[in-house]
Structures are given as structure tokens and as C-alpha cells.
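First to last, the sequence lines map onto chains R and G.
In terms of this note's numbering, the first sequence opens at residue 1 and continues consecutively.
In terms of this note's numbering, the second sequence opens at residue 1001 and continues consecutively.
We put the CB at the ideal spot given by N, CA and C, even for glycine.
Written below as C-alpha cells is the structure these notes are about.
2 protein chains.
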Amino acid sequence: MPLFLSSAEAGFEAAFAQLLTMKREDAVDVDDTVAGIIADVRARGDAAVIELTSRFDRLTLTPQTLAFSAEEIAAEIAKVSEEDRAALELAAERIRAYHARQMPQDARWTEPTGAELGWRWTPVSAAGLYVPGGLASYPSSVLMNAIPAQVAGVERLVICAPTPDGVVNPLVLLAASLSGVDTVYRVGGAQAIAALAYGTETIAPVDKITGPGNAFVAAAKRRVFGRVGIDMIAGPSEILVIADRDNDPDWIAVDLLSQAEHDESAQSILITDDAAFGQAVAAAVEARLETLERRAIAGPSWRDFGAVITVRDLAEAAELSNRIAPEHLELCVADPDGLAEHITHAGAIFLGAWTPEAIGDYIGGPNHVLPTARSARFSSGLSVMDFVKRTTLAKMTPAALAEIGPAAERLAISESLEAHGLSVRARLDRLNRGEAAE
Amino acid sequence: MPLFLSSAEAGFEAAFAQLLTMKREDAVDVDDTVAGIIADVRARGDAAVIELTSRFDRLTLTPQTLAFSAEEIAAEIAKVSEEDRAALELAAERIRAYHARQMPQDARWTEPTGAELGWRWTPVSAAGLYVPGGLASYPSSVLMNAIPAQVAGVERLVICAPTPDGVVNPLVLLAASLSGVDTVYRVGGAQAIAALAYGTETIAPVDKITGPGNAFVAAAKRRVFGRVGIDMIAGPSEILVIADRDNDPDWIAVDLLSQAEHDESAQSILITDDAAFGQAVAAAVEARLETLERRAIAGPSWRDFGAVITVRDLAEAAELSNRIAPEHLELCVADPDGLAEHITHAGAIFLGAWTPEAIGDYIGGPNHVLPTARSARFSSGLSVMDFVKRTTLAKMTPAALAEIGPAAERLAISESLEAHGLSVRARLDRLNRGEAAE
């Protein structure tokens, strides 16, 4: 049974605090294994990657077959139905349109001193996207990771995806081809992350690695962080729905289940200002669970980590939501925009009952890679910004240096950094001698 | 003696590749110690923080004296000279003006489908800034970390700074007061990071921790990453100067030394298209080193890690620079803007010989917290963006859902995520029954 709480009851604060810090995943310590795999790939390159792929994926490769050939990709893509292709194309188009608006602007201005200041954005040169194999091989995730990189202008974009026993999802290859991916390697696990970070004879190293993966992939990403950039290490998915009584309990129930079905560790929470409505939604969840294909996953998730919280009013709902800082937040209320004004921490907001969270997973346009585990307090979903970086610009004139240089020299001396001061002083001295050109 | 290389010589590529991967710091493994300190602070709160401060900083504190009082701060600030105060105020004003331009814009638009999409930026609620003690206690770093947070609108901004034997730098407290810092705690090391991340009875937890520190601080930041946001883990400082022969060798020499004096592991590199000019700069460095206050630091840095590279032309200089991806890049050439067009990876560019890097350290306006160790390939300097996060927004209408919902349902089915599809289908079914309200 999910947790039922009411903010009007004694003990609510303690129970809510416990919900906030609830541990949903057992950390698996694979760090030593992963360190060994990375060292092996760094030492032996392709040979190590091929050997590990044979061991873990039961697949015999050569340096020549590490990547899918154009013919293989075409043959796989040909298997995709017309309907699936059209849906994926529409998703790609909408995700691209949304992310194109995120491209940051360069800036340059001249101050009264005559100095010019500004910054410039440039894309990461090469990015590697990890795509899990098996059940978690989601074509939508390929679009969500690759399109922001493509929009940013990343020159070389590659995928590493395990293909256990040689099995590949044709939709993954179609998604790759729709989003400008250059090469798809049949390599997974920590060995894929190591190859992307350090390179092998066949796989050139990249500068940034993104994409979800299992405990081995996550541990490897943590280890190569610094050598390359990485995206967040995502935890299990979460949804918070704030709904008033004027909703169909079944709609809210399927919305809650759409997160619960991802993972037994996923968490679905309903906050409502009507206790009876909360009960009705819980009953609707149970009804749907009877026939849901993934009830073996969604059931435990809902019963172990689900919660229905009754509050006095929607203002209180917003406060609790900000403490949860949910990955996904649905506002199924009469005035969703008004309520959203009070939301300070959330990965993505879905406004109104006609916006089920699943729209954001596939086709809305915004990214579905979002901060989990309360990290929306300090981080954002994946975006074009993850594939660009800023170079700041400064250009002094002799007059500008004469105006602000002495203060820099003074601060350098106060920090006992003499050479810093001298680098300004040497120039000011020439100005004082009247030798300034320009 | 620094390394002298010429791109025209045989063996250059190998020598340059070696320079790129040169290890400048021995990693100190303090991870177990740090794990113990964090566990202790989590378990015992203030008591642990006070005990560790007594042990490491020889300072006896109580919960009441963990933070500086307003009177103590006023008394320390009163010690600052008028000249130092004016310099710091000018720096704060210029840094604030630069960073104010970085505030990202919200967006919201309506598509032809009728759906509304967009995003909204909100500040992190609370940020903690670590300020090292002793020699590395730089007031300029307080401004560079705190002002972007202040500009972002961070509500609560605190500093943790060790004060060994009770000694504090008055300029640090003045910088804190100029940049909107609410509270300064006399706590340093891993215990400060643990207190900021998990909170104690006296120190409320924050959402984001930034600022430089020693190996213990860096290891602690790595460990609390995920619980809170952190900025980059900075390595030793670096400068690359690209200079043609029309420069005063002494100017370039002091610029190179202004990084070398930071740390024996710092790295200063000159690339020039004139071998004789390179020799003249190297000679000027040696001359300056004879009297430089910090020659015991700058000398080893220059001799162990410094390099003078002669290239055929400036285009080649830009190529090599992009492979180095320097933290600081000075372009002391006739057409610095033209050369900057070819630079794809650098933390900060200083355009023209009248812009010594030290201007950027103190007073130019751009941030001096910049990506080191080649990480400018994939990351940016500190900015307002580090203290805000994006919430994406989506609002469907019944008509919009009717138009794009079926594709979402199709993709959900292709990924075997039935409840995702059902959450769309439940709404489409009502539309099909002609019940749509609004």
C-alpha cells in the first residue's frame, strides 16, 4: 500500500521528512571492477574492448566490425514500420525545434573606459552518447541526447550501445540517423565509457559523454569525469502530481503509473486538497494495476514508494513540492499557470490535466533527461548548454588599462602575488613614460 | 630550463603530445580520511565541527562563535586601508556589471498546434562558498564566487573559511560584505564541506557549494556531489601566451610568471612564430626570477613545466592552442580578434598586449574561476549559470493533444511502456467521445 499522509495530522512533518530522505536504491559497489576495466581498455585498446564484449555480450567482433556499417544500419532501419518511423520523425522535429531556441548568444560590448568585454560560445568538438541495451534501449533517449548535441554544432557525434547476442533495436539506429549521429559502436558497459574517454585504435576519444546506463556505466562515468565532461548520474524516475478534485481519477492514476512502470525504485506521489479524491486515485491505480503489462514493476514501485498526501490548500501543495524538488511535476488544477508561479524547484512542469507527463517523454519538445533525487534544487535537464562552453573575452586599451590597472596592481600586492602586479605595472610604466602607441 | 620545442623539427608531434599529457600533480589519496570526517559531521553535527576545528586550526569555538558576529566583521573591515577598499569596491562593481549580463532569459511561446512550450530559470535557494585560509585566502576569489550567486538571486549565501589560530584576512570579510554574503563561518577543510552539504544544528545545509580548496576540500566536494551541486574541481593554474616578435619580451615574461608564481605545479607556455623572440622571453623570465618575491615557487614551475614553442605561423599557433585548451590565453599579436576567430577551446581570452591576464584575475569583469587541465574542451568558467536552474514548461490543449498525442502513444508502445501510452490514450478517448470541455 502506498503511504497516505495528511498535512493536518500530527506527525506529518516527521513522516514527510522521512519520505524526502527515503532510500530507494541499494548502491551496488562495482567501483573496483570498473577501475580494472578502464585500466585494461587504456592499456590494450581495441583488444580489451573486443575481449570484454565477447565476455559480457557474447558477441565476437573485430576492429572492423566494432561499428555498424552503413549497409547494416540501412538494413535494420528498413525493418521499422511506417507508423513508428513517422512518430519518431515527428518527435525528432519537435525536439529539434524546442532545443534550437536554447542556443545561447555571444556578447561583446565596449565600456566607457574603452575596454571591450564579452564572451563567445563554441560547441564541444566530439560527444559520445551511451545507449543501454536490452529493455532500456529507448529510441526516445537517443533523440533526447543526440539532438541537443547536433543543435549545438558538435562536429563528431557517436553512440556506444551494447548489442547482447548481436541483437539491436532498429528504432535506436533510426533515431541515431535522424539526429546526426556519425557512428554507432556495438560496445557497452564500462568498456564503452573507457573507450569514449581515452580512445582506442578504432574509437577516437570524445570530450563529453552523456546518456543513462547501469551501475557499471554510472561508476565508469564518475571515474572518467574530469578527463571528459559527463552529464548527470541519473537516479530512478519520479513524478509528483498536484491535482484537485475536478480531475478524472483514472487519468491521474495512469500518470502515476507511467513513472512507476519504469523501475521498482521509481517514485510516484500525488498531492491533493481533497482526501476523498486521493482515495479515488489510489483505487484507480489498483484497478489499472490488475491488467498493466508491467504490473510486476509498477506494483512494487507504487506500494513501496508511492504516496498520497492530502493538504489544506494548493499553496501548501506548492510548498511541499518545492521541498521534494521533483523531476516531473504535473499541475492538474484549475489555474496551473498561477500555481506554477509558486514552484521554485522542478525539472519539468506539465501544465493542466491535458498534459500527461508522457507527452514530455516523447514528443512535447522539452528534454526528458531531467534531474532526479531532489537535484532539481541545483541542476537542470539536459539541453544545448551541455554541449557548448563559454570563452570570456577582454580587450584593454592603453587608456582603459591606465584607468583600472592600478586597482588590479593594488589587489595583486594585497594578495602577495607580485608578478601579477608587475604584469600590469610594466605596461603602466611605459604609458607613464609617454611611449604608448595605438 | 623550460622545454623548447619547434614545430618544424622532427619529433615535435611526440614531444607536444607528451607536453599535453604531462602530469603536474601527484594525487594525494585522502579519500578515507575525508569519508570519516563527513560521517562524523553527519553523526555529531556542531560537536564534530568544533572538535575538528580545534584539532586542525587550533581554535576553540562554540556553536555561538562558529560564525563571525556583525561586530567582529565590522572591526576586521575597519583595518582595511582606504586604497585596498577602493580597489576591491571597483573590482566588485565591475564583476557585478559583467555578470549581470549573463542572467538567462525565460521563454514561452505558443505553437501552431495551440500547445504552449517554454522554460523558466530560478535561482538556487542557498549556496555555500569555500574560501581557503592562509596564503591562498584571496579576497578576489570571494568576489568571483559570491557575486555571480548574488546576481543570480540566491537567497542565502554563506562562506566557510578556516581561520588557523584565529587569524583572518580582513579583505576576505570586506569582499564578503561587498558581495551579499549573509554569514561567514570560521570552519575549513572537509568538515566545512560536510556541514554545508548536510547541515548541523547551527549551519543550515545549502544546495550548491563552490570555491577552491586543498586536497581534503576537493575530495569532500567530490563525495557530496549529488547531494548538493558543486563547481568544478580546479587543478593548478595555466597560461598560454601567443606572441609575435613585436612585443616587449619583459611584458610576456611577467605574464608567464604571473601564473608560475601561483603554484609549483602551475604551467606557463609561450607560442611564438619567432625563435629569437622566444629566447628573448626566456631570458627575460630568468632575469625577473632573480628578484621575484615568489621565485621559490615560480622558478620550479617555469623550469619543470614551462615551455617555449616556435611555430611556422600563427595559424599553427591557434591549432596547437586548441589542442592545449588553455585556462588563460593571451593573444599578443597584431590582429588579436582575427586570431581569436580560430580559437575553439579556451577558458578566457585576453586580446592584445595591453591586456595582461592579471586584469582578468581582479578587475576586468569576467570570472577568474576557469576550467583547467584541458577541460575548456567541455566546460566553462564560473558564471551566473552555476547558480540558476531551468524548469521546462509544457501545456497541451485538447486540440494539441489530439494532433501529437497519437505519435507519443505509438512511441510508448514501441518501448513497451504501456502506462505511458495509456496516459495519453485515456485523454484521447474522452476527446473521441466528444466530451472535451475547456
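Check                                                                                                                                                               : Outcome
Let me check understanding here. Comparing Cα to Cα, which of R:His-99, R:Trp-119, R:Gly-405 and R:Pro-112 lies closest to R:Gln-105?                               : R:Trp-119
Just the C-alpha distance for R:Gly-421 and R:Ile-413, rounded to the nearest angstrom, thanks.                                                                     : 6 Å
Taking only three categories from DSSP, how would you classify G:Trp-1203?                                                                                          : According to the sequence displayed, residue 1203 of chain G carries Ile and not Trp. In this structure, G:Ile-1203 counts as coil in the three-state DSSP scheme.
Please list the residues of the stretch 415-427 of chain R that have a C-beta atom closer than 9 Å to any C-beta atom in chain G, keeping them in chain order.      : Glu-415, Ser-416, Leu-417, Glu-418, Ala-419, His-420, Gly-421, Leu-422, Ser-423, Val-424, Arg-425, Ala-426 and Arg-427
Taking the beta carbon of R:Gly-188 as the centre, do at least 16 other beta carbons fall within 10 Å, making it buried, or is it exposed?                          : buried
Going by DSSP, what residue range makes up the beta strand (DSSP E) through G:Thr-1021?                                                                             : Premise fails: G:Thr-1021 lies in the alpha helix (DSSP H), 1012-1021, not in any beta strand (DSSP E).
Could you tell me the distance, in whole angstroms, from the CA atom of G:Ala-1100 to the CA atom of R:Ala-87?                                                      : 42 Å
Kindly say whether G:Ala-1437, judged by its beta-carbon, lies nearer than 7 Å to any beta-carbon of chain R.                                                       : Legend: pLDDT at G:Ala-1437 = 48, less than 50; position of this residue unreliable, no value from coordinates given.
Which term fits G:His-1342, buried or exposed, when burial requires 16 or more other beta carbons within 10 angstroms of its beta carbon?                           : exposed
Taking R:Glu-293 as the query, report the chain G residues whose CB atoms sit under 8 Å from its CB, ordered along the chain.                                       : Ser-1416 and Glu-1418
For G:Glu-1438, which residues of its own chain have a beta-carbon under 8 Å away from its beta-carbon, when the five flanking residues on both sides are left out? : Bear in mind that the predicted position of G:Glu-1438 carries a pLDDT of just 43, short of 50, making it unreliable; the figure below should be weighed with that in mind. If we look at G:Glu-1438 and ignore the five residues flanking it on each side, its Cβ neighbours are Thr-1397 and Pro-1398.
For G:Ala-1394, which of R:Val-388, R:Ala-400 and R:Ile-363 has the nearest alpha-carbon?                                                                           : R:Ile-363
Report the rounded CA-to-CA distance for G:Asn-1432 versus R:Leu-90, giving the unit in angstroms.                                                                  : 22 Å
Just to make sure I have the definition right: I need the residues of chain G whose C-beta is within less than 9 Å of the C-beta of R:Ile-363. Which are they?      : Ile-1404, Gly-1405, Ala-1407, Ala-1408 and Leu-1411
What is the C-beta distance between R:Leu-19 and R:Phe-12, in whole angstroms, given that I count them as a contact (C-beta under 8 Å)?                             : That pair is no contact at about 10 Å.
Check the Cβ-Cβ distances between G:Arg-1096 and every residue of chain R, and say whether any is below 7 Å.                                                        : no
Could you name the residues that DSSP lists as bridge partners for R:Ser-447?                                                                                       : Residue coverage of chain R in this structure runs from 1 to 438, which leaves residue 447 of chain R outside it and unanswerable.
Quick check: what's the CA-CA separation for G:Ile-1193 versus G:Pro-1371?                                                                                          : 21 Å
Rank G:Asp-1263, G:Ala-1426, G:Ala-1287 and G:Arg-1312 by C-alpha distance to the C-alpha of G:Ala-1296 and give the top, closest one.                              : G:Asp-1263
Judging by CA-CA distance, which residue of R:Ser-379, R:Leu-143 and R:Lys-389 is the nearest neighbour of R:Glu-93?                                                : R:Leu-143
Could one say the Cβ of R:Trp-354 lies closer than 7 Å to chain G's Cβ atoms, at least one of them?                                                                 : yes
Taking 7 Å as the limit between beta carbons, can you name the residues of its chain near R:Glu-25, skipping five residues before and five after?                   : Gly-235, Pro-236 and Ser-265
Anything in chain R within Cβ reach of G:Thr-1122, meaning under 8 Å, just list it in chain order.                                                                  : Thr-344 and His-345
Which chain R residues are close to G:Val-1453, counting only those with a beta carbon under 7 Å from its beta carbon?                                              : Missing from the structure shown is residue 1453 of chain G; chain G here goes from 1001 to 1438 and no further.
Could you pull out every residue in the same chain whose Cβ sits closer than 8 Å to the Cβ of R:Trp-109, ignoring the five residues on either side in sequence?     : Glu-116, Leu-117 and Gly-118
Are the CB atoms of G:Val-1124 and G:Asp-1207 nearer to each other than 7 Å?                                                                                        : yes
What is the residue span of the alpha helix (DSSP H) that R:Tyr-198 lies within?                                                                                    : 189-198
Closest to R:Arg-58 by CA distance: which of R:Pro-164, R:Ala-318, R:Gln-267 and R:Arg-186 is it?                                                                   : R:Pro-164
With 7 Å as the threshold, decide whether the Cβ of R:Glu-261 is near any Cβ in chain G.                                                                            : yes
Is it true that the CB of G:Ala-1282 sits closer than 7 Å to the CB of G:Ile-1037?                                                                                  : no
Under 7 Å Cβ-Cβ, which residues of chain G neighbour R:Lys-208?                                                                                                     : Phe-1378
Have a look at R:Phe-387 and R:Ala-315 and give me their C-alpha separation to the nearest angstrom.                                                                : 37 Å
Using C-beta distances below 7 Å, list every residue in its chain close to R:Ser-153, excluding the 5 sequence neighbours before and after it, in chain order.      : For the record, residue 153 of chain R in the displayed sequence is Gly; it is not Ser. These residues qualify, in order along the chain: Pro-123.
Leaving out the 5 sequence neighbours to the left and right, which residues in its chain are closer than 6 Å to R:Thr-391 when beta-carbon positions are compared?  : Arg-120
Can you tell me the Cα-Cα spacing of G:Arg-1245 and G:Thr-1272, whole angstroms?                                                                                    : 8 Å
Take R:Phe-68 as the anchor and find which of R:Leu-351, R:Asn-169, R:Pro-112 and R:Glu-403 has the nearest alpha-carbon.                                           : R:Asn-169
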